[in-house]
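Participant: Quick note, the sequences are listed as chains Z and L, same order. In my numbering, each residue carries its 1-based index in the first sequence increased by 10. In my numbering, each residue carries its 1-based index in the second sequence increased by 135. Idealized CB from N, CA, C, for every residue including glycine. The structure under discussion is supplied below as structure tokens; questions concerning it will follow.
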Amino acid sequence: MLLSTLVFGVVLGGTYALVALGLTIQYGVARIMNLSFGEVVMFGAFATFVLFTGASLSPVLGLFVVVPLAFAISWILYTVLMRPLVKRARHPERVEIDSILVTFGLLFLFQGLFTQAFGSGYTGYGWLQAPVEILGARVASGRVLGLGLACLIGLGLWAATTRTRWGLTMRAVATRPAFAALVGIDENRVARQAFALGGAIAGAGGAILSMYQPVTPIDGGFLTMKALVIVIMGGIGNMGGALAAGLIIGIVEALVSYAVDPGLTLAATYAIFLAVLLWRPKGLFA
Amino acid sequence: MFEARSISVRYGKHLALDDVSLEVGTSECVAILGANGAGKSSLLRGLTQAGLRERGGVIRHRGEDISATNDFDLVEKGIALVPEGRGVFAELTVDDNLSLGAHPKRARESASERRAEVLDLFPKLGQRLAQTVGTMSGGEQQMVAVARALMSRPTLLLLDEPSLGLAPIVVDEMFAALHKVRDSGVSILIVEQNVRASLALAARGYVLEAGRIVGRGSSAELVADPMVAKAFLGH
Ligand SMILES: Nc1ncnc2c1ncn2[C@@H]1O[C@H](COP(=O)(O)OP(=O)(O)OP(=O)(O)O)[C@@H](O)[C@H]1O
Ligand SMILES: [Mg+2]
Chain Z
11 MLLSTLVFGV
21 VLGGTYALVA
31 LGLTIQYGVA
41 RIMNLSFGEV
51 VMFGAFATFV
61 LFTGASLSPV
71 LGLFVVVPLA
81 FAISWILYTV
91 LMRPLVKRAR
101 HPERVEIDSI
111 LVTFGLLFLF
121 QGLFTQAFGS
131 GYTGYGWLQA
141 PVEILGARVA
151 SGRVLGLGLA
161 CLIGLGLWAA
171 TTRTRWGLTM
181 RAVATRPAFA
191 ALVGIDENRV
201 ARQAFALGGA
211 IAGAGGAILS
221 MYQPVTPIDG
231 GFLTMKALVI
241 VIMGGIGNMG
251 GALAAGLIIG
261 IVEALVSYAV
271 DPGLTLAATY
281 AIFLAVLLWR
291 PKGLFA
Chain L
136 MFEARSISVR
146 YGKHLALDDV
156 SLEVGTSECV
166 AILGANGAGK
176 SSLLRGLTQA
186 GLRERGGVIR
196 HRGEDISATN
206 DFDLVEKGIA
216 LVPEGRGVFA
226 ELTVDDNLSL
236 GAHPKRARES
246 ASERRAEVLD
256 LFPKLGQRLA
266 QTVGTMSGGE
276 QQMVAVARAL
286 MSRPTLLLLD
296 EPSLGLAPIV
306 VDEMFAALHK
316 VRDSGVSILI
326 VEQNVRASLA
336 LAARGYVLEA
346 GRIVGRGSSA
356 ELVADPMVAK
366 AFLGH
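And the structure:
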């Protein structure tokens with residue numbers, strides 16, 4: 011039982027790490043603290059549910075619909091809501107404060123829409139529940155697939171940011187936005203791309219999450235908080251750090267809910283977060 | 136080839152650059168001389184940032200009006216700037232900085248030839264490709280900044296005090312490299328307080344004082360000009 015709890019934790023942690031990668035790309039490159047980030051994750055989960063129950067589309071194939079949609083939604087959010095904030099701000103800090111306020115409002119707008127459409131209870135679908143055996147633990151095959159997909163997407167992102175010209179422009183804007191123009195990079199364009207890409211990753215994370223557990227409309231806010239905790243623990247912009255921190259949070263949550271009380275998982279997450287802030291304020295690996 | 140008319144830059148109420156006009160010919164090197172606060176950096180900003188310029192300024196490069204061109208599109212038009220403070224990507228490696236220099240479309244195809252050329256110009260960088268630029272000395276960082284600008288295959292190079300804060304021997308090294316760049320046919324507009332070195336590089340120059348051009352002439356004339364000698368050469 012302990013072993014299967016650990017495996018659950020790794021699967022959950024893998025999804026968290028993926029979601030946190032999306033947030034760190036949005037924050038690190040576009041410099042927007044998006045408190046409605048978790049709502050895009052929820053959009054991914056609900057959209058996958060609708061496609062599966064309404065159109066019998068397999069959640070894996072659903073990714074090919076959900077991810078582009080999440081990309082488009084985030085692209086529009088950036089263009090319509092964020093760009094004006096960036097444009098009118100005299101200092102980068104101003105953008106951060108304004109974007110926190112605007113996205114905090116968005117959070118409630120999205121939550122209201124989700125509750126309206128799906129009710130406040132659990133929304134989920136049964137899929138790939140046949141167990142497979144891993145290290146002697148019996149785990150639903152949907153979970154294993156979810157972990158595999160999260161790893162695949164994370165690996166692809168890592169390769170894209172470290173190995174391609176596109177990734178290099180992202181790193182240039184993330185570290186020295188003021189100098190991007192010197193090498194012909196349109197900072198605004200890259201920021202918009204990064205914001206949309208972060209949203210696409212959020213959508214993928216939501217789709218994956220829905221493959222192995224039901225969701226409720228208020229989960230988005232908690233996911234944003236967890237993603238924030240993971241990003242800060244791992245170090246802003248540190249992809250390997252986000253992976254490690256995501257796994258730690260996932261495993262601790264699974265262990266606490268198995269050995270102590272499911273109601274205490276969030277408290278445990280924040281206890282770890284506080285410890286990290288006190289002991290390593292710049293992240294575990296700084 | 137490059138021509139700027141009536142460029143003014145204002146910070147709030149303070150007019151830092153007042154109606155400045157200048158031109159740079161093909162393969163020509165021109166120096167802007169001026170003391171601290173004369174408006175040298177403001178001039179380069181005014182030439183490269185359309186948003187900072189007062190209305191009425193006109194800039195043409197190679198027959199094209201680029202007055203309204205965005206700063207990030209200027210590199211694509213062949214104008215590369217090495218700003219005050221270098222503007223390098225300090226957290227990235229020398230190699231990454233050079234690759235970013237070749238980011239503009241005009242430079243992508245010839246990137247490997249350019250890389251060989253700039254490493255030939257600054258051999259030190261060749262052994263440091265994997266080093267993070269922020270950990271390098273000031274002189275080395277300045278070399279990265281100039282090398283990165285050259286990676287974009289510029290027709291005009293704008294330099295803001297490339298010798299600032301460098302040891303004399305490194306200044307010599309930098310100017311030796313700039314002589315080679317000039318001889319390769321790239322036009323240069325250099326802003327400097329190091330009058331001797333910049334007039335040795337340039338064919339002619341302008342003297343900037345309190346945001347206005349107060350003198351101009353060939354390098355020989357400027358070196359001999361008592362006003363320049365008094366203000367900048369210290370005799
Ligand atoms: N961002 C700014 N806001 C307000 N005033 C500024 C700003 N930048 C420059 N100035 C002022 O404009 C004038 C010209 O400054 P500028 O930096 O162009 O001079 P400079 O010739 O480059 O000087 P230095 O040799 O010290 O680099 C100075 O009086 C300076 O105080
Ligand atoms: Mg200056």
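1. Any chance you could list the beta strand (DSSP E) runs of at least 3 consecutive residues sitting entirely within the region 310-339 of chain L, in chain order?
2. Could you check if Asn171 (chain L) belongs to the surroundings of ligand 1, using beta carbon to heavy atom distance under 8 Å?
3. Should Asn329 (chain L) be labelled buried (16 or more other beta-carbon atoms within 10 Å of its own) or exposed?
4. Of all the beta strand (DSSP E) runs that stay within the bounds of the region 111-152 of chain Z, which reach a length of 3 or more residues?
5. DSSP on Ile194 (chain L), reduced to helix/strand/coil?
6. Below 6 Å CB to CB, which residues in the same chain sit around Thr113 (chain Z) once its five sequence neighbours on both sides are set aside?
7. Among residues of its own chain, excluding the 5 on either side of Val210 (chain L), which ones have a beta-carbon nearer than 7 Å to its beta-carbon?
8. Taking Cβ-Cβ distances shorter than 9 Å, what residues in chain Z pair up with His238 (chain L)?
9. What is the C-beta distance between Ala29 (chain Z) and Ala237 (chain Z), in whole angstroms, given that I count them as a contact (C-beta under 8 Å)?
10. Return no unless some Cβ of chain L is closer than 9 Å to the Cβ of Arg98 (chain Z).
11. Which of the three DSSP states, helix, strand or coil, is assigned to Phe62 (chain Z)?
12. DSSP on Ser143 (chain L), reduced to helix/strand/coil?
13. Give a yes or no on whether 9 Å exceeds the smallest Cβ distance from Arg186 (chain Z) to chain A.
14. Starting from Asp230 (chain L), trace the alpha helix (DSSP H) in both directions and tell me its first and last residue.
15. Spatial neighbours of His314 (chain L) within its chain, please: C-beta separation below 7 Å, excluding the five flanking residues on both sides.
16. Per the contact definition of three or more C-beta pairs closer than 8 Å, is the region 206-219 of chain Z in contact with the region 81-97 of chain Z?
17. If we ignore side chains and look at the alpha-carbon of each, how far apart do Glu138 (chain L) and Val239 (chain Z) end up?
18. With a 10 Å radius around its C-beta and 16 neighbouring C-beta atoms as the bar for buried, classify Lys175 (chain L) as buried or exposed.
19. Does Phe295 (chain Z) have its Cβ less than 9 Å from a Cβ in chain L?
20. Listed from N- to C-terminal order along the chain, which residues in the region 200-214 of chain L have their beta-carbon within a distance smaller than 9 Å of any beta-carbon of chain Z?
21. Is Glu189 (chain L) near ligand 1, going by C-beta to nearest heavy atom under 8 Å?
22. Name, please, each residue of chain Z whose Cβ falls closer than 9 Å to the Cβ of Pro218 (chain L).
23. Would you say Glu344 (chain L) touches ligand 2, meaning its beta carbon is less than 8 Å from a heavy atom?
24. Per DSSP, Leu157 (chain L) forms a beta bridge with which residues?
25. In terms of residues, what are the limits of the alpha helix (DSSP H) holding Gly19 (chain Z)?
26. How is Val200 (chain Z) classed by DSSP in three states: helix, strand or coil?
27. Would the region 169-189 of chain Z and the region 221-238 of chain L be scored as touching if the rule is three or more Cβ pairs under 8 Å?
28. Assuming Val76 (chain Z) is part of the alpha helix (DSSP H), what are its boundary residues?
29. Determine whether the Cβ of Phe137 (chain L) lies closer than 9 Å to any Cβ atom of chain Z.
30. Which partner residues of His149 (chain L) appear in the DSSP bridge assignment?
31. Go ahead and pull the three-state DSSP assignment for Ile214 (chain L).
32. Using the Cα positions of Arg197 (chain L) and Gly160 (chain L), report the straight-line distance between them to the nearest angstrom.
33. For the alpha helix (DSSP H) that contains Gly352 (chain L), what are its first and last residues?
34. Can you tell me the Cβ-Cβ gap for Ser162 (chain L) and Ser322 (chain L), rounded? I've got them flagged as a contact below 8 Å.
35. Using the Cβ count rule (16 or more neighbours within 10 Å means buried), how would you classify Ile25 (chain Z)?
36. Could you check if Val217 (chain L) belongs to the surroundings of ligand 2, using beta carbon to heavy atom distance under 8 Å?
Facilitator: Straight from the coordinates:
1. 322-327
2. yes
3. buried
4. 141-144, 147-150
5. strand
6. Asn44, Leu45, Ser46
7. Pro239, Ser287
8. Arg175, Leu178, Thr179, Ala182, Val193, Gly194, Ile195
9. The question names Ala, but residue 29 (chain Z) is Val in the sequence shown. Val29 (chain Z) to Ala237 (chain Z), Cβ: 5 Å. Contact.
10. no
11. helix
12. strand
13. This model lacks chain A altogether; the protein chains it does include are Z and L.
14. 229-236
15. Leu336
16. yes
17. 53 Å
18. buried
19. no
20. Asn205, Asp206, Phe207, Asp208, Leu209, Val210, Glu211
21. no
22. Phe189, Leu192
23. no
24. L:Ala139
25. 12-35
26. helix
27. yes
28. 69-87
29. no
30. L:Tyr146
31. strand
32. 10 Å
33. Premise fails: Gly352 (chain L) lies in the beta strand (DSSP E), 347-353, not in any alpha helix (DSSP H).
34. 6 Å
35. Correcting the residue identity first, residue 25 (chain Z) is Thr in this sequence and not Ile. Burial call: buried.
36. no
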